[in-house]
Amino acid sequence: MNHDIIVETINLSKQFGALVAVDNVNIKVRRNSLHAIIGPNGAGKTTFFNLLSGNIEPTSGKVMFKGSDLTHQPVHRMIHHGIGRSFQITNIFPNLTVFENVRLASQALEKSNFKFWMNVSRLEKCEYRTWEVIEKVGLKERAHAPARTLPHGDQRKLELGMILAPDPEVLLLDEPTAGMAAEQVPELLALIQEIQKTGNKTVILVEHNMNVVMSVSDIITVMHLGKVLAEGTPAEIAANREVQTAYLGGLYELNV
Amino acid sequence: MQKKAFSFFHNNRASLIVLFALVLLPFIVGLFEGASPIVVWENQGGISKFVEGLGIEIFILALYALSYDLIFGVTGLLSFGHAMFFAVGAYLTGIALKSFALSLPAVIGLVFLAAILQALLFGLVLPRVKGITFALVTLGMASMFHIIVTSSELGNYTGADVGLQGVMVPSFINPANERLRFYFVALVVLILIYLLYQRFVNSPTGRVCVAIRENEGRAKMLGYNTFAFKLAALMLSSFAAALAGVLHALYQPIVSPNVADLSFTVTALLIVLIGGVGTLSGALIGAFVYRLLDFGLRRYIGENASFITGTIYVAFVLFIPYGMVGTWRLKSFRVAQGWRRLLAAFKT
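Now the structure itself:
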């Protein structure tokens, strides 16, 4: 058993009818690394991500976390194992305040969730943690605003706050910068990097934005048609011929 | 410490004034008909006794609507079988008192057990069906219950189609002789359940229930076993609804199969819509408005009253979609929007 590997997939496959969305994917994610998964549209990134986070069950294969099999865990157990996930499409509680959104996220690990006679503000640790996270993602001024009233960029920050609150070891970020204004992206990236470095976290992210991926990742896995096409450091990936034709090439063609 | 106690009174002054008024109401009404408070106390007043009766009916209805608001308004579970929660309490009380001559504490214990069981019954389908499907499955369950209580095989116990007549009410709480006492018992039960629900909504469990209403998928992803929380809300709701059923059986003292009917579930839904979905206090105000409207229109207009009540409900939905309490909190009463909604309904 290699203790350096925190998340591992073994022959992971998912089939939707005739379509094999994820085909025998074997990925090893090193502890405390920032691991990006890229690929052209339809490469199976999102399906792969849903398999990792337990949102869908694989047709075959396994998802291993710290040496134990999490393949058939119900989705609500994942955070209790230390795996948190954010969504590409902002997925929050729109009518609740920013504070409540984050508190619900940190409250999940409390043991007194069924004390229905107790006021929720008496969960002091949870309250403290909530303020800590809100401050970290920079939403302190908007803490008591309903989440739906936030601009999109702030909602992305809230989404990040909600995944940070329970302090998971592994963060699965599904296009964290999706739909953000270009000038806001570096700020969020710096935040993600800081969290990963100072908090000793493992980050697995799916991203479309090549600049983002190239500048922050330790390891990049390129997926194509449900399979792993290549894996390596950003420099290796940029130099890889196959990747250039399958993905980067295609991208440049689109830009022309 | 003193300051804290004072601020409690200050913060809840509106509720406390209403409570105070409700306690004094029978005596004040008594004064109008020339009956001294002592006469009212001894249940000799005429109109005061009548007003107490109306009050009791409103309290029971409010308790029932409150229990519906907990699952529908707070947790977001649309149940069309809520009447069963009430009817089980009512029928069980009636049968236990009439056919088995059990004592009242034993009856209440039995009803609590039944309340747990019926919540578990709804809980059985909870992980499998969502939204409108849950509504239909619960409707099916309640309809089965309705068929069972109206079946002639059980007629000896339930009175079949006619309903259960002549419930043996213990004399110390018999509404015929001790109506003022019954009035206060119903009021106290309602207040206790209301306070319990308020605490629930602001508890860790209650906040998760609200999160489930807002976005269940996300609540799951955050790490909540949402089934357990929905079941907790169902349990708490079932308790209060069954308790309302007990009071109903004791007060009437007959149990008609109408209380197991779909239309009685719709009554709860209407009350909650009038008062404001998910506000809890809206259920109390809604019950008050509903019962008085129903009573007043029936008395002065007669059988055609339901046409007017229907129109009023439609107006409610169009002009104050957040209900009375919800609109008050949002301070967003806009007449023009209501007309626009009305016009939109006629456009094709």
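So the protein sequences, as listed, match chains A and B. Heads up: the first sequence begins at 801 in the working numbering, then just goes up one per residue. Heads up: the second sequence begins at 27 in the working numbering, then just goes up one per residue. Using N, Cα and C, we set each Cβ at its ideal position, and we do this for glycine too.
Using a Cβ-Cβ cut-off of 8 Å, state whether residue i counts as contacting chain B.
i, result
"residue 893 of chain A", "yes"
"residue 966 of chain A", "yes"
"residue 929 of chain A", "no"
"residue 1042 of chain A", "no"
"residue 875 of chain A", "yes"
"residue 852 of chain A", "no"
"residue 950 of chain A", "no"
"residue 885 of chain A", "yes"
Would residue i and residue j qualify as a contact pair, given that the criterion is a beta-carbon distance under 8 Å?
i, j, result
"residue 959 of chain A", "residue 890 of chain A", "yes"
"residue 303 of chain B", "residue 349 of chain B", "yes"
"residue 112 of chain B", "residue 90 of chain B", "yes"
"residue 861 of chain A", "residue 809 of chain A", "yes"
"residue 317 of chain B", "residue 83 of chain B", "yes"
"residue 920 of chain A", "residue 307 of chain B", "no"
"residue 269 of chain B", "residue 215 of chain B", "yes"
"residue 1069 of chain A", "residue 944 of chain A", "Residue 1069 of chain A lies beyond the residue range present for chain A, which begins at 801 and ends at 1056; the question has no answer from this structure."
"residue 124 of chain B", "residue 190 of chain B", "yes"
"residue 1020 of chain A", "residue 908 of chain A", "no"
"residue 312 of chain B", "residue 328 of chain B", "no"
"residue 985 of chain A", "residue 1028 of chain A", "no"
"residue 231 of chain B", "residue 210 of chain B", "no"
Alpha carbon to alpha carbon, how far is residue j from residue i? Give it in angstroms, no decimals.
i, j, result
"residue 1038 of chain A", "residue 262 of chain B", "60 Å"
"residue 223 of chain B", "residue 967 of chain A", "32 Å"
"residue 1005 of chain A", "residue 159 of chain B", "36 Å"
"residue 992 of chain A", "residue 939 of chain A", "15 Å"
"residue 814 of chain A", "residue 1026 of chain A", "9 Å"
"residue 127 of chain B", "residue 194 of chain B", "8 Å"
"residue 822 of chain A", "residue 859 of chain A", "9 Å"
"residue 143 of chain B", "residue 258 of chain B", "13 Å"
"residue 831 of chain A", "residue 995 of chain A", "14 Å"
"residue 248 of chain B", "residue 904 of chain A", "8 Å"
"residue 87 of chain B", "residue 279 of chain B", "16 Å"
"residue 76 of chain B", "residue 332 of chain B", "23 Å"
"residue 1055 of chain A", "residue 853 of chain A", "In this predicted model, residue 1055 of chain A has a pLDDT of only 37, less than 50, meaning its place in the structure is not dependable; the value taken from the coordinates is given anyway. Roughly 33 Å separates the two Cα atoms."
"residue 977 of chain A", "residue 829 of chain A", "22 Å"
"residue 848 of chain A", "residue 825 of chain A", "9 Å"
"residue 1000 of chain A", "residue 839 of chain A", "27 Å"
"residue 1040 of chain A", "residue 961 of chain A", "36 Å"
"residue 330 of chain B", "residue 49 of chain B", "34 Å"
"residue 114 of chain B", "residue 324 of chain B", "28 Å"
"residue 244 of chain B", "residue 295 of chain B", "27 Å"
"residue 1033 of chain A", "residue 899 of chain A", "38 Å"
For a cutoff of 8 Å on Cβ pairs, would you count residue i as touching chain A?
i, result
"residue 27 of chain B", "At residue 27 of chain B the pLDDT is 47, less than 50, meaning the model places this residue with poor confidence; the figure from the coordinates comes in the next sentence. It does not: the Cβ of residue 27 of chain B has no partner Cβ on chain A nearer than 8 Å."
"residue 241 of chain B", "yes"
"residue 226 of chain B", "yes"
"residue 145 of chain B", "no"
"residue 140 of chain B", "no"
"residue 244 of chain B", "yes"
"residue 237 of chain B", "yes"
Using a cut-off of 9 Å between C-beta atoms, extract the partners of residue i located in chain A.
i, result
"residue 258 of chain B", "914, 916"
"residue 234 of chain B", "904, 907, 908, 913"
"residue 355 of chain B", "By Cβ distance, chain A contributes nothing, its closest Cβ being about 13 Å from residue 355 of chain B, past 9 Å."
Output the boundary residues of the alpha helix (DSSP H) element that contains residue i.
i, result
"residue 930 of chain A", "924-936"
"residue 885 of chain A", "Counting along the chain, residue 885 of chain A falls outside any alpha helix (DSSP H), though it belongs to the beta strand (DSSP E) covering 883-885."
"residue 346 of chain B", "First-last for residue 346 of chain B: undefined, no H or E at that position."
"residue 1030 of chain A", "No alpha helix (DSSP H) contains residue 1030 of chain A, which is instead part of the beta strand (DSSP E) from 1027-1032."
"residue 845 of chain A", "845-852"
"residue 256 of chain B", "252-277"
"residue 903 of chain A", "898-907"
"residue 889 of chain A", "Looking at the DSSP string, residue 889 of chain A is not in any alpha helix (DSSP H), and its letter there is neither H nor E."
Determine the chain B residues that contact residue i at a beta-carbon separation under 7 Å, and present them in chain order.
i, result
"residue 908 of chain A", "248, 249, 250"
"residue 988 of chain A", "Going along chain B, no residue has its Cβ under 7 Å from residue 988 of chain A, so there is no contact; the nearest lies around 20 Å."
Could you tell me which chain C residues have their CB closer than 7 Å to the CB of residue i, listed as they occur along the chain?
i, result
"residue 880 of chain A", "Looking at the structure shown, chain C is missing, and the protein chains on hand are A and B."
Which residues in chain A have a C-beta closer than 8 Å to the C-beta of residue i? List them in chain order.
i, result
"residue 230 of chain B", "907, 910, 912, 913, 914, 915, 916, 918, 920, 923"
"residue 309 of chain B", "The premise fails here: residue 309 of chain B is roughly 18 Å from chain A at the closest Cβ pair, so nothing lies under 8 Å."
From what residue to what residue does the beta strand (DSSP E) around residue i run?
i, result
"residue 816 of chain A", "805-816"
"residue 1010 of chain A", "Counting along the chain, residue 1010 of chain A falls outside any beta strand (DSSP E), though it belongs to the alpha helix (DSSP H) covering 1010-1016."
"residue 974 of chain A", "970-974"
"residue 382 of chain B", "Look at the range of chain B in this structure, 27 to 374, and you will see that residue 382 of chain B is not part of it."
"residue 860 of chain A", "860-865"
Chain B partners of residue i, CB-CB under 9 Å?
i, result
"residue 971 of chain A", "Going along chain B, no residue has its Cβ under 9 Å from residue 971 of chain A, so there is no contact; the nearest lies around 13 Å."
"residue 958 of chain A", "None at all; the shortest Cβ gap to chain B is about 12 Å."
For the ligand FAD, I want to know if residue i counts as a neighbour, meaning its beta carbon is within less than 7 Å of at least one of the ligand's heavy atoms.
i, result
"residue 194 of chain B", "Questions concerning the ligand FAD fall outside what the structure shown contains, since it holds no ligand whatsoever."
If the cut is a Cβ gap below 8 Å, which residues of chain B does residue i touch?
i, result
"residue 896 of chain A", "236, 237, 240"
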